[in-house]
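Peer 1:
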Amino acid sequence: MNVASVILAAGAGTRMRSKLPKVLHPLGGQPMIMYTINLAMQVSSQPPVLVIGHGAKLVRDRVGDCVRYVLQEQRLGTGHATLQARDELRGRSDAVLVLFGDMPLLTPPGVTRLLEAFAQNLPTIALLTLTVPEGADAMGFGRLVRDAEGRPTAIVEEVVATPEQLRIRELNAGISCYRADWLWDHLTQLHVSAKGEYYLTDLVAMAASEGEQVVTVSVEDPTDLLGINDRIHLAQAEAILRQRVNTELMRGGVTLIDPASTYVEVGVRVAPDTVIYPNTHLLGDTSVGDDCIIGPNAVIRDSTIGPRCQIVASMLDSAVLGADVSVGPFARLRNGARLDSGVHMGNFGEVKNSYLGPGTKMGHFSYVGDATIGAKVNIGAGTVFCNYDGERKHATLVGEQVFIGSGTMLVAPLRVGPGAKIGAGSVVTHDVPADTVVYGVPAQQRGKVHGDEVAEQPEEAVSEEQRLSEEGGA
Ligand code: UD1
Ligand code: CA
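Anchor point for the sequence shown: position 296 equals 433 in this note's numbering, and the numbering is continuous, going up by one each time.
(1) Anyone know if the C-beta pair for D339 and L327 falls short of 8 Å?
(2) Would you list the one or two residues that DSSP bridges to C523?
(3) Under 7 Å: does the beta carbon of D284 sit that close to some heavy atom of ligand 1?
(4) Pull up the DSSP beta-bridge partners for E253, would you.
(5) Would the region 207–227 count as touching the region 156–174 if we require 3 or more Cβ pairs under 8 Å?
(6) Flag this pair as yes or no: are the beta carbons of S451 and A435 separated by less than 8 Å?
(7) What number of angstroms, rounded off, separates the C-alpha of M169 from the C-alpha of K194?
(8) In terms of residues, what are the limits of the alpha helix (DSSP H) holding V341?
(9) Hey, is G214 close to ligand 1, as in C-beta under 7 Å from one of its heavy atoms?
(10) DSSP puts F540 in a beta bridge; with which residues?
(11) Can you list, in chain order, the residues of its chain with a C-beta nearer than 6 Å to that of Q209? Leave out the 5 residues immediately preceding and following it.
(12) Count the other CB atoms within 10 Å of the CB of E253; is the residue buried (16 or more) or exposed (fewer)?
(13) Distance, Cα to Cα, E623 vs F278?
(14) Who are the Cβ neighbours of E487 in its own chain at under 6 Å, not counting the five residues just before and after it?
(15) Is the number of C-beta pairs between the region 370–378 and the region 289–305 that are closer than 8 Å three or more?
(16) Applying the 10 Å Cβ sphere with the 16-neighbour rule, what's the burial state of S440?
(17) Which value, in whole angstroms, describes the spacing of the CA atoms of P185 and S142?
(18) Please report the distance separating the alpha-carbon of I369 from that of V269.
(19) Keeping to the same chain, check which residues put their C-beta closer than 8 Å to that of V180; ignore five residues upstream and five downstream.
(20) Check for me: the beta strand (DSSP E) holding E375 runs from which residue to which?
(21) Looking only at its own chain, which residues have a Cβ that is under 6 Å from the Cβ of G150, when we skip the five neighbours before and after it?
(22) Taking L320 as the reference, which of K489, V457, D367 and S230 has the closest Cα?
(23) Using the DSSP secondary-structure output, state which residues sit across from K530 in a beta bridge.
(24) Could you give the residue range of the beta strand (DSSP E) that holds Q183?
(25) Taking 7 Å as the cut-off, is the beta-carbon of G364 closer than that to any non-hydrogen atom of ligand 2?
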């Protein structure tokens, strides 16, 4: 069966009290409309048709070209909104699925069962319904009216329902599927309601009166049907979504010390046996390897974390970490920070657009920007890679096994050869050859390094041992 889908998203969303169109409000890190679009793409091979109106340009700019757009100039109701898709879809499908853009928690199973029921019975209309217990909040949903034989005869909107109809517990979920040719012929026959709207739901009475078949499929989980009308609903949806994501993680072998304070966006991957401590945010395109310890208080966005890493109380943005890397507390990794395996980055450090080779250590309050650093380098406390001259950024290259003493300023552009040693407090303005010892302001060459030994003693009163501050170590 060939199914086309229409997503209604033209409404103003007045109760959000927002400049932003309702369907663009973020939920789990994505505009809420994306959930419905993704669902539509899962159940239909055709790109969905998105009916837009309020904030149309903003919606188009944000959603892009994964959907086809039609414009509803005036908000004249769900029937009128669906009609706008007719020119785009007529003759292109056997069935038309209508979804609402403000129901982001809907999951594929319910919709799939609706489509299965449609394909099996080939009715004129198939509806998703929800039966709520006596006395439960009907959430303003339309009521499904049935005749003595139990056949659906109408949907009555809450605003026009009689007291008797209001007692009906079987509700219209709002998701429906139609025989395409019948839909496109009948949408123009809808009558305007007392509220001045053309209700899509009036098609049920129309079909019933023509003796056409209307079937229903019930939804099990009412949280699927949470409609977002205001920011209270938005927060509720956020909590439900978070719970779903966290449940998936735990099923997949991840320990969450406190799911209620673990914020993981949809699409983030975490491997088994990783432990996540409270107040951790894993955002965007992030993946975390196995056996990591993340948090407490970690904010990690668009980053790739290797296995067995430890990240405590730190912020990572667009960073890549190899295996066995430890970060924090109070570290900041910015875009393009790449920490190879075994790197230790301690407290109050910042790394931007830089590579740190395997086993390199920067224990205490350093800034590394635009640098490429080899393996097993020691970056002493308070070292600054001075990458900016006031106009442009410059690069620094540090070879493997370099020792950088505490409080060193490395003024880029700069190259430090492998095995070199830089004394504490140096301001390095010129390239440092391999295996040499430099220090001072500005730093000058004072000798050579052979292994760990210094070959020539400089003519200064201060000894080499004092200069090469051990403080700069781990
Ligand atoms: C609708 C159903 C109701 C059902 C409920 C479930 C109708 C008439 N009523 O009511 O039976 O129980 O959903 O949530 O269909 N929209 C447009 N253009 C318009 C009007 C609406 O695009 O002119 C869009 C809205 O942006 C929204 C969706 O259609 O995404 C639903 O409209 P809404 O006004 O929220 O319908 P409900 O009153 O919730
Ligand atoms: Ca609604």
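Just so it is clear, CB atoms sit at the ideal spot from N, CA and C, and this is done for glycine as well.
Peer 2: The short version:
(1) The sequence position of residue 339 within the sequence shown is 202, counting from 1. The sequence position of residue 327 within the sequence shown is 190, counting from 1. Their beta carbons are under 8 Å apart, which means D339 touches L327 by this criterion.
(2) Mapped onto the sequence shown, residue 523 falls at position 386. Answer by DSSP bridge pairing, in chain order: V548.
(3) Position 147 of the sequence shown, counted from the start, is the residue given in the question as residue 284. No, Cβ of D284 sits at least 7 Å from all heavy atoms of ligand 1.
(4) Here residue 253 is taken as the residue at index 116 of the sequence shown, counted from 1. Answer is none; E253 lacks a bridge partner.
(5) no
(6) Position 314 of the sequence shown, counted from the first residue, corresponds to residue 451. Position 298 of the sequence shown, counted from the first residue, corresponds to residue 435. Cβ atoms of S451 and A435: closer than 8 Å.
(7) If you number the sequence shown from 1, residue 169 lands on position 32. If you number the sequence shown from 1, residue 194 lands on position 57. Near 16 Å, if we compare the C-alpha coordinates of K194 and M169.
(8) In the sequence shown, residue 341 corresponds to position 204, counting from 1. Per DSSP, V341 belongs to the alpha helix (DSSP H) from D339 to S346.
(9) Along the sequence shown, one-based indexing puts residue 214 at 77. Yes, since a heavy atom of ligand 1 falls inside the 7 Å radius drawn around the Cβ of G214.
(10) Here the question's residue 540 lines up with position 403 in the sequence shown. Looking at the DSSP assignment, F540 forms a beta bridge with N515 and K558.
(11) Numbered from its first residue, the sequence shown carries residue 209 at position 72. If we look at Q209 and ignore the five residues flanking it on each side, its Cβ neighbours are A147, V188, G190, A218 and Q221.
(12) Within the sequence shown, numbered from 1, the residue matching residue 253 stands at position 116. When all chains shown are included, E253 counts as exposed.
(13) What is shown of the chain runs 138 to 611, which leaves residue 623 out entirely.
(14) Along the sequence shown, read from residue 1 onward, the residue named residue 487 stands at position 350. So the list reads R469 and Y504, once near-sequence residues are dropped.
(15) no
(16) For the purposes of this step, residue 440 is identified with residue 303 of the sequence shown, where counting begins at 1. It is buried - the Cβ of S440 has at least 16 other Cβ atoms within 10 Å.
(17) The residue you call residue 185 lines up with position 48 of the sequence shown. The residue you call residue 142 lines up with position 5 of the sequence shown. Near 5 Å, if we compare the C-alpha coordinates of S142 and P185.
(18) The residue you call residue 369 lines up with position 232 of the sequence shown. The residue you call residue 269 lines up with position 132 of the sequence shown. Computed Cα separation, rounded: 21 Å.
(19) Walking along the sequence shown from the start, residue 180 turns up at place 43. Closer than 8 Å at Cβ, skipping near neighbours: V140, S142, L234, P245, V248, T249 and L252.
(20) The sequence position of residue 375 within the sequence shown is 238, counting from 1. It is not in any beta strand (DSSP E) - E375 instead sits in the alpha helix (DSSP H) that spans R368 to R388.
(21) The sequence position of residue 150 within the sequence shown is 13, counting from 1. K159, listed in sequence order.
(22) Indexing the sequence shown from 1 puts residue 320 at position 183. Closest by alpha carbon: S230.
(23) In the sequence shown, counting from the first residue as 1, residue 530 sits at position 393. In the DSSP output, where bridge partners are listed per residue, K530 has Y525.
(24) Working through the sequence shown from its first residue, we reach residue 183 at position 46. Segment: none, Q183 is in no beta strand (DSSP E) and carries neither H nor E.
(25) On the sequence shown, position 227 is the one that residue 364 refers to. Within the cutoff, so yes.
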